[in-house]
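**Student:** The structure under discussion is supplied below as structure tokens; questions concerning it will follow.
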Amino acid sequence: MSISLFFILLLCATQVITTIIYVAHYRNWVTKMNGMMISMSLAMSAGILMGTILGVIYHGDLFKSTIYAIMIGLVVGFLAGLPIGLPAVIDGILSGLMGGMMGAMLGDMVAMTRPNAIINIIAVLITMVLLLVLYAAEESIRKQANHQILSFFKYPFLMIFTIVILFLVLNYIDPLDFHFLDKSGH
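Position one of the sequence shown corresponds to residue 1 (UniProt numbering), numbered consecutively onward.
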């Protein structure tokens, strides 16, 4: 596994886990609608990213990449919706299922032409979406709560700028290496 792929997986997993723990901690101040939006966004994002990566890795075996991506999306959707309630769990599970299918199809279709580009583009978009989801959760909780809450966004533009620069640097230093997947020797 390349450093870039490891960084992408670590960053997005950290964002998803942080958002789930944050929402679970402040669940009394999260409205049902915002909780459903959070679980749907987390599950869809995880499903699309992992589906794209798995579609590239398991190129030609759409069944395997789709099943794995769906399972990851389902688990993330279930865990993200669990602190909120049953409607959020159902919404998260269905969104994870859909995101896993779409990501696997995207990764399988684009795998032969430009796998590095599609994974980096999807990873940047998903990272930004996950930052917006955490920001929306924080704003929703701040409006509902009467006391001080933990804030991740003292300098949001600096955080976004740093992540984009890291993606650009990692793309030039260590591009994603999928040549080991080419078994034909070309």
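Cβ coordinates follow ideal geometry from the N, Cα and C atoms, glycine included.
1) Considering only the beta carbon of each residue, do L131 and V16 sit closer than 9 angstroms?
2) Where M105 and H147 are concerned, what is the direct C-alpha to C-alpha distance, given to the nearest angstrom?
3) Among the residues of its own chain, which have a CB less than 6 angstroms from the CB of I8, if the five just before and after it don't count?
4) When we look at the beta-carbon of residue 194 and count the other beta-carbons within 10 Å, is it buried (16 or more) or exposed?
5) State the DSSP-derived secondary structure class of N146, mapped to helix, strand or coil.
6) Would you check if there are 3 or more beta carbon pairs closer than 8 angstroms linking the segment 37 to 54 to the segment 87 to 101?
7) Short of 7 angstroms in beta carbon distance, which residues of its chain neighbour V110, apart from the five on each side in sequence? Order them along the chain.
8) Closest Cβ-Cβ distance between V30 and chain D: below 9 angstroms?
9) Go ahead and label Y172 buried or exposed: buried means 16 or more other beta carbons lie within 10 angstroms of its beta carbon, across all protein chains shown.
10) Excluding five sequence neighbours on each side, which residues of the same chain lie with their C-beta closer than 6 angstroms to the C-beta of K64?
**Tutor:** With the given structure in hand:
1) Stepping through the sequence shown from its first residue, residue 131 is reached at position 131. Stepping through the sequence shown from its first residue, residue 16 is reached at position 16. In this structure, V16 does not lie closer than 9 angstroms to L131 by Cβ.
2) Locating residue 105 in the sequence shown gives position 105, counting from the first residue. Locating residue 147 in the sequence shown gives position 147, counting from the first residue. Near 45 angstroms, if we compare the C-alpha coordinates of H147 and M105.
3) Against the sequence shown, residue 8 aligns to sequence position 8. So the list reads A123, once near-sequence residues are dropped.
4) Residue 194 lies beyond the range of the chain shown here (1 to 186); nothing can be said about it.
5) On the sequence shown, residue 146 is found 146 positions in, with the first residue counted as 1. Residue state, collapsed to three classes: coil.
6) yes
7) To locate residue 110, count along the sequence shown from 1; it is residue 110. So the qualifying residues of the chain are I118.
8) Protein chains in the displayed structure number just one, and chain D is not present.
9) Your numbering for residue 172 matches position 172 in the sequence shown. Looking at its Cβ environment, which holds fewer than 16 other Cβ atoms inside 10 Å, Y172 is exposed.
10) Position 64 of the sequence shown holds residue 64. Excluding sequence neighbours, K64 sits near Y58.
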